[in-house]
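Each residue of the sequence shown is one higher than the one before, starting from 18 at the first, in the working numbering.
Backbone N, C-alpha and C fix where the C-beta goes; we use that ideal spot for every residue, glycine too.
Below: the structure, in C-alpha cells.
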Amino acid sequence: MCDDHPSTASRRTALGFLGASLVTGVGACAVPGNQSAGSPTAGPSPSSSASTAMSPTPSPAAPGRLRNPFEPDFKLPPIQGGLAPVITKIPTKHPVVFLTIDDGAVKSPESVRLLKENDYPATLFLTSNTVRDNPAFFKAFMEQGSLVENHTVSHNVNMTTQWGYQRQLDDITGMQDFAVQQYGRKPTLFRPPGGSYSTAMRQAVAAAGLKAIITWEAKANAGRMDYQYGHSLRPGDIVLMHFRPEFAADFEAFRSAQVAAGLEVVLLEDFLGVA
Ligand SMILES: [Zn+2]
Numbered sequence: 018m019c020d021d022h023p024s025t026a027s028r029r030t031a032l033g034f035l036g037a038s039l040v041t042g043v044g045a046c047a048v049p050g051n052q053s054a055g056s057p058t059a060g061p062s063p064s065s066s067a068s069t070a071m072s073p074t075p076s077p078a079a080p081g082r083l084r085n086p087f088e089p090d091f092k093l094p095p096i097q098g099g100l101a102p103v104i105t106k107i108p109t110k111h112p113v114v115f116l117t118i119d120d121g122a123v124k125s126p127e128s129v130r131l132l133k134e135n136d137y138p139a140t141l142f143l144t145s146n147t148v149r150d151n152p153a154f155f156k157a158f159m160e161q162g163s164l165v166e167n168h169t170v171s172h173n174v175n176m177t178t179q180w181g182y183q184r185q186l187d188d189i190t191g192m193q194d195f196a197v198q199q200y201g202r203k204p205t206l207f208r209p210p211g212g213s214y215s216t217a218m219r220q221a222v223a224a225a226g227l228k229a230i231i232t233w234e235a236k237a238n239a240g241r242m243d244y245q246y247g248h249s250l251r252p253g254d255i256v257l258m259h260f261r262p263e264f265a266a267d268f269e270a271f272r273s274a275q276v277a278a279g280l281e282v283v284l285l286e287d288f289l290g291v292a
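What follows is the structure, given as C-alpha cells:
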C-alpha cells in the first residue's frame, strides 16, 4: 500500500528543502563539549540495546518510553508560508536509525513481542479505516515506547491528484481526531499514503496541526531491505515497514541491517522534539 515512491519532482523539492534547512539547523543546534552529548566518536555500539550503550546519558523520559540518548543535531524546520516541511532522512552525525511502521492491517501479538523484546521504539503511521476494527491493539505499542501518528482516514494513494485541499484536510483531521480519541495524543507527524505529496497536502498537514511530512529512503519489504541509495543503512535513515503477515521476516531484515550498520534505534519524535 505504501510502496510507491515520491515523484522525482517531489523528491528534488524535498532534498533542496532539506539542504537549505540543514545549513541553519547545524548552526543553531551544535552542542560542542556537552557532557550529555554521548560519544559518537567512540564508534558505533555493537548492540541496539540501550542497556549496552553505556556512554550516552539517557534523557529524562516517562517509564516505559525508550530514551533518546543523543543530543539532537538536527532541528526540524518550522512551518513556513503555511507549508509543512518534508523530511526524507535526518541529517545527523549520530549513529541513529528511525523505524516507522505503517497502515495497521495485520494485528499480530508477534509484532508487539518483537518490538518489546528488542526494546525498539517505532513511529506508527496508522490509517483509521484500517485499524478501526481493533484500535486498542496498538496501545500495547505505546506502552512499549512507540507513538501513533497520522496516515489518514482512508489511505487514498491518489489523494493529491484526485482531491482538492479541503477534502485532503478532512481526511487528515479525521485521523487526528481518531488518534486523540483512541490514544489520547494528537499526532505530530504525517505520512502520505503511497508517499506522494503536493503543495496542497503540505498546506493541509500544517493546517491540521501536524509538524512535518515524513517519507523514507529505505524499507523492509518481503523479508529484505530495499535502499533507494546505497546498499546499507546510513545514520539518520528513516525506514519504512508495514503491519503485514511477513512482519517477522521484515523485522529481522531491518534488525540485521541496523546491527550491521552499528546504529541505535531511536524514536523519531524524540529526536525531532515532537513527542
Ligand atoms: Zn500506507
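- prompt: Would you report the Cα separation of PRO108 and GLY253, rounded to the nearest angstrom?
  reply: Along the sequence shown, read from residue 1 onward, the residue named residue 108 stands at position 91. Along the sequence shown, read from residue 1 onward, the residue named residue 253 stands at position 236. Rounded to the nearest angstrom, the two C-alpha atoms are 6 Å apart.
Beta-carbon spacing of LEU141, PHE115 below 7 Å: Position 124 of the sequence shown holds residue 141. Position 98 of the sequence shown holds residue 115. Contact flag unset, no.
query: Going by other Cβ atoms of all chains shown within 10 Å of its Cβ, with 16 needed for buried, is ALA229 buried or exposed?
result: Start at 1 with the first residue of the sequence shown, and residue 229 comes out as number 212. Buried.
query: When the Cα atoms are used, what is the spatial distance from PRO126 to LYS133?
result: Residue numbering aside, residue 126 sits at position 109 when the sequence shown is read from its first letter. Residue numbering aside, residue 133 sits at position 116 when the sequence shown is read from its first letter. Between the alpha carbons of PRO126 and LYS133 lies a gap of roughly 11 Å.
task: Starting from the Cα of LEU206, find the closest Cα among SER249, ALA265, GLY279, ILE255 and give me that residue.
output: The residue labelled residue 206 in the question sits at position 189 within the sequence shown. Between LEU206 and the set SER249, ALA265, GLY279, ILE255, the nearest pair of CA atoms involves ILE255.
- prompt: Is it true that the CB of PRO204 sits closer than 7 Å to the CB of ILE263?
  reply: The sequence position of residue 263 within the sequence shown is 246, counting from 1. The sequence position of residue 204 within the sequence shown is 187, counting from 1. The sequence as given places Glu at residue 263; Ile does not occur at that position. Their beta carbons are not under 7 Å apart, which means GLU263 does not touch PRO204 by this criterion.
- request: Report yes if the CB atom of GLN245 is closer than 7 Å to the CB atom of GLU234, and no otherwise.
  value: Taking the first residue of the sequence shown as position 1, residue 245 is located at position 228. Taking the first residue of the sequence shown as position 1, residue 234 is located at position 217. Pairing GLN245 with GLU234 gives a Cβ-Cβ distance under 7 Å.
- prompt: LYS110: buried (16+ other C-beta within 10 angstroms of its C-beta) or exposed?
  reply: Taking the sequence shown and counting its residues from 1, one reaches residue 110 at position 93. Counting Cβ neighbours within 10 Å, LYS110 comes out exposed, since fewer than 16 surround it.
Own chain residues within Cβ distance below 8 Å of VAL197, not counting five before or after: The sequence position of residue 197 within the sequence shown is 180, counting from 1. LYS203, listed in sequence order.
Backbone CA spacing between ALA265 and GLN185 [nearest angstrom]: Locating residue 265 in the sequence shown gives position 248, counting from the first residue. Locating residue 185 in the sequence shown gives position 168, counting from the first residue. Roughly 33 Å between the two C-alpha positions.
query: Buried or exposed: SER68, going by 16 or more other Cβ atoms within 10 Å of its Cβ?
result: Working through the sequence shown from its first residue, we reach residue 68 at position 51. With a pLDDT of only 42 at SER68, under 50, the local geometry of the prediction cannot be trusted, and no value is derived from it.
- prompt: Can you tell me the Cα-Cα spacing of THR144 and ALA278, whole angstroms?
  reply: The count along the sequence shown starts at 1 and reaches residue 144 at position 127. The count along the sequence shown starts at 1 and reaches residue 278 at position 261. Roughly 31 Å between the two C-alpha positions.
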